[in-house]
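>
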Amino acid sequence: MSPSRRDFLHTSIATGGALGLGMFIRPSTYFRKTPRAQEPLRILILGGTGFIGPHQVRYAVSRGHTVTLFNRGRTNTHLFPDLEKLRGDRDGDLEALKGREWDAVIDNSGYVPRVVRQSAQLVKDAVSQYLFVSSISAYASFGEVDMDETAPLGTMDDPTVENIGRYYGPLKALCEQQVQEAFPNRATIVRPGVIVGPGDRTERFTYWPARIDRGGEVLAPGDPTDPVQLIDVRDVTGWMVRLLEQSDAGVYNAVGPEARLSIAEMLYGIRAVTNTDVSFTWVDADFLAEHGFRPTMWTPPRGRTAGLGLVSRDRAIAKGLTYLPLAVTAKDTLDWHKSRTEEEQSRLNARLSSDRETEVLAAWHARSG
Amino acid sequence: MVLGGTGFIGPHMVRRALDRGHTVTLFNRGRTNTHLFPQVEKLIGDRNNDLTALEARTWDVVIDNSAYDPRWVRASAQLLKDSVNIYLFTSTRSVYADFSEIGMTENSPVHDVDPSAVDEGRRLGYGPDKVLCEMELRRAFGDRTLIVRPSLIVGPGDTTDRFTYWPARIDRGGEVLAPGDPTNPVMFIDVRDLAEWYVHLLEQGTVGVFNALGPEAPLSFAELLYGIRAVTSASVSFTWVNADFLAGHDVRPYSDMPCWMPARGSRAGFQRFDLTHPIANGLTYRPLAVTARDTLEYHKSRPPERRSRLRAGLSPEREAEVLAAWRARAGA
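Protein chains in written order, with the numbering used here: chain A, 1 to 369; chain B, 370 to 701.
#1: In this structure, how does DSSP classify B:K411 when only helix, strand and coil are distinguished?
#2: Please report how far the alpha carbon of A:E144 lies from the alpha carbon of A:N163, in whole angstroms.
#3: Starting from the Cα of B:V555, find the closest Cα among B:L665, B:F532, B:V430 and B:G574 and give me that residue.
#4: Could you please give me the residues that DSSP links to A:F132 through a beta bridge?
#5: Between which two residues does the beta strand (DSSP E) carrying A:K319 extend?
#6: List, from N- to C-terminal side, the beta strand (DSSP E) runs of 3 residues or more that fit wholly inside the region 579 to 604 of chain B.
#7: Cβ atoms of A:L86 and A:L122: under 7 Å apart, would you say?
#8: Just checking my contact of B:W566 with B:G651 at CB under 8 Å: how many whole Å lie between their CB atoms?
#9: Using a C-beta to C-beta distance shorter than 8 Å, which residues of chain B count as neighbours of A:Y59?
#10: In this structure, does DSSP put A:K85 in helix, strand or coil?
#11: Which same chain residues, not among the five before or five after B:P631, have their C-beta less than 7 Å away from its C-beta?
#12: Anything in chain B within Cβ reach of A:S279, meaning under 8 Å, just list it in chain order.
#13: In angstroms with no decimal places, state the Cα-to-Cα distance between B:L582 and B:P647.
#14: Would you list, in chain order, the members of the region 377 to 398 of chain B that have their beta-carbon closer than 9 Å to a beta-carbon of chain A?
#15: Assign A:G22 to buried or exposed, taking buried as 16 or more other Cβ atoms, counted over all protein chains shown, within 10 Å of its Cβ.
#16: Quick one: measure Cβ to Cβ for B:S705 and B:G638, integer angstroms, because I've assumed they're closer than 8 Å.
#17: Under 7 Å between C-beta atoms, does B:T601 make it to chain A?
#18: From the beta carbon of B:L665, is the nearest beta carbon of chain A less than 7 Å away?
#19: If we count the other Cβ atoms within 10 Å of its Cβ and call it buried at 16 or more, is A:E290 buried or exposed?
#20: With burial defined as no fewer than 16 other Cβ atoms inside 10 Å of the residue's Cβ, what is the status of B:V568: buried or exposed?
#21: Would A:Q56 be called buried (16 or more neighbouring beta carbons within 10 Å of its own) or exposed?
#22: Checking contacts by CB at 7 Å: is A:G22 closer than that to chain B?
#23: Kindly confirm or deny that the region 203 to 222 of chain A and the region 294 to 308 of chain A touch, where touching means at least three C-beta pairs closer than 8 Å.
#24: Ignore the nearest five residues each way along the sequence and tell me which others in B:L372's own chain have a CB closer than 8 Å to its CB.
#25: Quick one: is A:G418 near chain B, going by C-beta distance under 7 Å?
#26: Considering only residues of the region 36 to 62 of chain A, which uninterrupted beta strand (DSSP E) runs meet the minimum length of 3 residues and lie entirely inside it, listed in chain order?
#27: With a floor of 4 residues, list each alpha helix (DSSP H) that falls wholly inside the region 469 to 493 of chain B, ordered by position along the chain.
#28: Mind checking whether B:A661 and B:I597 have CB atoms under 7 Å apart?
#29: Round the Cβ separation of A:V105 and A:V190 to the nearest angstrom and send it over; I've been treating them as touching at under 8 Å.
#30: Are the region 413 to 428 of chain B and the region 470 to 489 of chain B touching by the rule of at least three beta carbon pairs closer than 8 Å?
#31: Using 8 Å for Cβ pairs, my map puts B:L457 next to B:L387. What's the rounded Cβ distance?
#32: What's the call for A:P170, buried or exposed, on a 16-neighbour Cβ count within 10 Å?
#33: Could you pull the start and end residues of the alpha helix (DSSP H) that A:L288 belongs to?
#34: Please name the residue or residues paired with A:A210 in a DSSP beta bridge.
#35: Since A:V278 contacts A:W364 with CB under 8 Å, what's their CB separation in whole angstroms?
#36: State the beta-bridge partners of A:V218 as determined by DSSP.
So this is what it looks like as C-alpha cells:
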C-alpha cells in the first residue's frame, strides 16, 4: 500500500469519516483478533493475488496456517513478501509443485477443465483436500426459487471450446467434474454468487455505495421487494479456510445473507452508512428494459431468472458460513473505493457522472406525469 | 454551566464541551449518575427551592436541559440574567399547536397559553408548559435567548427505549411487524448530533429559536428499518401492516410502534419539518448506521432484565398476536 493511501485510511479512522464501521482498514490489525485454529494446515493457493485470494491468505495466516502461493508472478507481486511463492503456469508448467505435499489446495484460478485437470491430477496423492472456487453461474437455469446444490448444471455441446466469455458457467461445471474425479469424497466445491467488498474491481456492488454517497436522485431498479444476494469477500474467504480446517467436502452455494434481502433493503441499508442528501426513484423493470438500462446487482425475478437472488444457502450455513452486517460491507467497500488512485477510480467515476441515469429518470418522470 | 447534566442528553453535551476545551459546572440535586465527570465542578441544589449555589457566580452560558415547570425557568432565568450571557433552553417539538401543515418551521404557531398560569402555579401539560418556559426565559434574557426544540432524541443513554426498540427488535431477528406505509416519513435527532450542535451554537454566540430534527434528506420508515437492519447480521424479515389494521387492533403510533406517526390529517406535518434554519446554522447528522449501531451496543450493555422489558414498543407476544391476525385477515 502506498504511503499516501495508508495516511488516508489512518486519517479517516481518526476523524468522523470512517465512523467506526470500517473493518477493512489495516487488515493486519483486524485479523490479529482472529483466534488461531486448533491444527495448523499447510495450504497451497493457486492464484492468491487477485481479489479473493489475498483475503484467503490473510485469514489463513492469522489462523496460524502455513500458506504457499502458486501463480505466474504477474499480479500484485508486492503482496505477502514473507510467504513462499512458487512460480509457474497452471497451463503447462507445474514443475514447482512436483514432489511437494500440502494438507489442502484452494483453486481460485480454474476456468477451463483441461487446465484444472492438470493441477488436480498432479496433487491428488499429495494433498488431502482440494477446494475449487466455482460459481452459481455453473447452474443450468435460475428459473426455480430456492435452488439448492442438487440442481442441474449447465452443459455445452463441445466441451473443448475454451471460450470463457461465452461459456463461463458450463466450463466451471466441467472444472468441478475434474476436481471430483481426482478427489472423490475429498473435493470441496464452492459456488459463490456475487462476491463483494474491498478489493472488488468488477464494481458490480461498489457502484451502489459510490452512487448513493454521491447523492441526489438515485434510480432504484424494479420493485422494492425484488430479491438480491451478495456475499462479502471476508465472509466467504474466512469460511473457505474453515471448511478446510473442518475437512468438509461437498458442494456449497455461497450466497447471502441468511434471510431474504430485497433491493430496497440493500439500497436503504447502503444509504444508512452515509449522510448525503439522497432520494430514491423506483423505476419498473419493463421501463428499464425498454430503455436498455441495466443496473448491477439486480435482475427482475421472473421467467428464467425467477430464482436469481433466491438461491439456497442452507448447506453453507450449516457448515458455518456467517455474514457481516450489510452496513460493514457497504462502508468498507466505499472506503476502499475512495482510497484508490484517481486512475483506478476513473472507470466507476465515469459511470457515475454519465448522463444515462439522468436521461432515464427524466423519461420516467415524463411518462408518469 | 449545565442545569442537570447527568441524565440522558446532558452528559453528551458535557463531554463535548470538555473535549472542546471549555470549563463546565454542573448544577443538580446530586442524585443521578453521581459517578460521572469527577473532574467537573458540581454545585448541589434544587430547582424547586434552592438555587443558592448559583448566586454570586458568573458563566458565559447556561444550558438548561431539565426544566418542564415554568416556575423553575422563571427562578433560574431571573437569578442568572445578569451573571450569564446566553441561556440555552432545551424545549420540545411539542410546543407546536398544530401539525397539519407540511414544512413547519420555527415560526409555526405554538400553543396558546395563559401566562398567569405560572403565577398561579397551574400546570397546563407538557407542551403548553414548555411554551410558558420559553416565555419566562425571554422575559429574563430578551435577545440573549437560545431555544432549541428537538424532536425525538435518540442514541446511547436513552432510557425511554423509543428509538432503541427498533435496533433491539431487529437484532433479535424473525418476523418483524413494520407499521403502516413504508414510505411514511420519519424524523429524529441523534443525541450526539444535538450535543455537538449545542456546543457549536454556543461557541458561535448564536441566539434565537431552532428546531432540531433530521435527517436532512427525507427518510421513510422503510429506509429507517432497513437502515437499522444493515447494522446487524440477524436473520429478519419485515411484514408491513397497514395503519388502519393497526388502529383496529389497538396498536398505537409512537408508543406501541415507536417513532411512527402516520403522516395524515392533524399529523401530516409531524415528521416533515423544514430544516433550513437549523442546517444553515450548523446542525449536521451522523449516518443512520452509526446511530443504529451505537444504540444497539448501548442496549446490549444493559442488564438482561432491562433488555427484556423495553419501555416502548410491542411485547413479543403482542407482536405475534397482531401478525397472526394480519395473516388471517379476510382476502389475504
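Glycine included, every Cβ here is placed at the ideal spot set by N, Cα and C.
Let me lay it out:
#1: Position 42 of the second sequence, counted from the first residue, corresponds to residue 411 of chain B. Three-state DSSP puts B:K411 in a strand.
#2: Reading the first sequence from its first residue, position 144 is the one you call residue 144 of chain A. Reading the first sequence from its first residue, position 163 is the one you call residue 163 of chain A. Each residue's CA atom was taken as its position, placing A:E144 and A:N163 some 27 Å apart.
#3: Position 186 of the second sequence holds residue 555 of chain B. Nearest of B:L665, B:F532, B:V430 and B:G574 to B:V555, Cα basis: B:F532.
#4: Indexing the first sequence from 1 puts residue 132 of chain A at position 132. A:F132 is bridged to A:D107 and A:I189.
#5: Taking the first residue of the first sequence as 1, we reach residue 319 of chain A at position 319. That residue, A:K319, is in no beta strand (DSSP E); it is neither H nor E in DSSP.
#6: Unbroken beta strand (DSSP E) runs of no fewer than 3 residues, entirely contained in the region 579 to 604 of chain B, are found at 583 to 589, following chain order.
#7: Residue 122 of chain A sits at position 122 when you count from the first residue of the first sequence. Residue 86 of chain A sits at position 86 when you count from the first residue of the first sequence. No, Cβ-Cβ distance for A:L122 and A:L86 is not below 7 Å.
#8: Numbered from its first residue, the second sequence carries residue 566 of chain B at position 197. Numbered from its first residue, the second sequence carries residue 651 of chain B at position 282. 6 Å between Cβ atoms; contact.
#9: On the first sequence, position 59 is the one that residue 59 of chain A refers to. Within chain B, no residue comes near A:Y59; the closest Cβ sits about 18 Å away, beyond 8 Å.
#10: On the first sequence, position 85 is the one that residue 85 of chain A refers to. DSSP, reduced to helix, strand and coil, places A:K85 within a strand of the structure shown.
#11: Position 262 of the second sequence holds residue 631 of chain B. Excluding sequence positions up to five before and after B:P631, its CB lies within less than 7 Å of the CB of G549, N553, A612 and P622, all in the same chain and listed in chain order.
#12: The residue given as residue 279 of chain A occupies position 279 in the first sequence. Correct list: A586 and P587.
#13: Position 213 of the second sequence holds residue 582 of chain B. Position 278 of the second sequence holds residue 647 of chain B. Using only the alpha carbons, I get a separation of about 9 Å.
#14: Within the region 377 to 398 of chain B, no residue has a Cβ that lies closer than 9 Å to any Cβ of chain A.
#15: As a position in the first sequence, residue 22 of chain A is number 22, starting the count at 1. Unreliable positioning characterises A:G22 in this predicted model, as indicated by a pLDDT of 45, which lies under 50. The coordinate reading is nonetheless provided below. With 16 or more other Cβ atoms within 10 Å, it is buried.
#16: Any property of residue 705 of chain B remains undetermined from this structure, which presents chain B solely from 370 to 701.
#17: As a first step, residue 601 of chain B must be located in the second sequence, where it is residue number 232. Cβ-Cβ to chain A under 7 Å: yes for B:T601.
#18: Within the second sequence, the letter at position 296 stands for residue 665 of chain B. At a cut-off of 7 Å, the C-beta of B:L665 has no neighbouring C-beta in chain A.
#19: On the first sequence, residue 290 of chain A is found 290 positions in, with the first residue counted as 1. Label assigned to A:E290: exposed.
#20: What you label residue 568 of chain B is simply residue 199 of the second sequence in a count that begins at 1. Buried: at least 16 other Cβ atoms inside 10 Å.
#21: Indexing the first sequence from 1 puts residue 56 of chain A at position 56. Flag for A:Q56 reads buried.
#22: In the first sequence, residue 22 of chain A corresponds to position 22, counting from 1. Caution applies to A:G22, whose pLDDT of 45 falls short of 50 and renders its modelled position unreliable; the model cannot decide the point.
#23: Counting Cβ pairs under 8 Å, three or more are found: they touch.
#24: By one-based count along the second sequence, residue 372 of chain B stands at place 3. So the qualifying residues of the chain are F396, N397, R416, V431, I432, D433, N434, S435, A436 and S445.
#25: Missing from the structure shown is residue 418 of chain A; chain A here goes from 1 to 369 and no further.
#26: Within the region 36 to 62 of chain A, the beta strand (DSSP E) runs of at least 3 residues that lie entirely inside it are, in chain order, 42 to 46.
#27: The region 469 to 493 of chain B contains these whole alpha helix (DSSP H) runs: 485 to 488.
#28: Counting from one through the second sequence, the residue named residue 661 of chain B turns up at place 292. Counting from one through the second sequence, the residue named residue 597 of chain B turns up at place 228. The Cβ atoms of B:A661 and B:I597 lie closer than 7 Å to each other.
#29: Against the first sequence, residue 105 of chain A aligns to sequence position 105. Against the first sequence, residue 190 of chain A aligns to sequence position 190. For A:V105 against A:V190, the beta-carbon gap comes to about 13 Å, at or over 8 Å, which does not count as contact.
#30: No, they do not touch.
#31: Position 88 of the second sequence, counting from 1, holds the residue named residue 457 of chain B. Position 18 of the second sequence, counting from 1, holds the residue named residue 387 of chain B. A Cβ-Cβ separation of about 17 Å leaves B:L457 out of contact with B:L387 under the 8 Å criterion.
#32: To locate residue 170 of chain A, count along the first sequence from 1; it is residue 170. Buried, by the Cβ-count rule.
#33: Indexing the first sequence from 1 puts residue 288 of chain A at position 288. Counting along the chain, the alpha helix (DSSP H) containing A:L288 begins and ends at A285 to E290.
#34: As a first step, residue 210 of chain A must be located in the first sequence, where it is residue number 210. According to DSSP, A:A210 bridges with nothing at all.
#35: Within the first sequence, numbered from 1, the residue matching residue 278 of chain A stands at position 278. Within the first sequence, numbered from 1, the residue matching residue 364 of chain A stands at position 364. Their Cβ separation, rounded to whole angstroms, is 17 Å, which puts A:V278 and A:W364 out of contact at 8 Å.
#36: Residue 218 of chain A sits at position 218 when you count from the first residue of the first sequence. Partner(s): A:F280.
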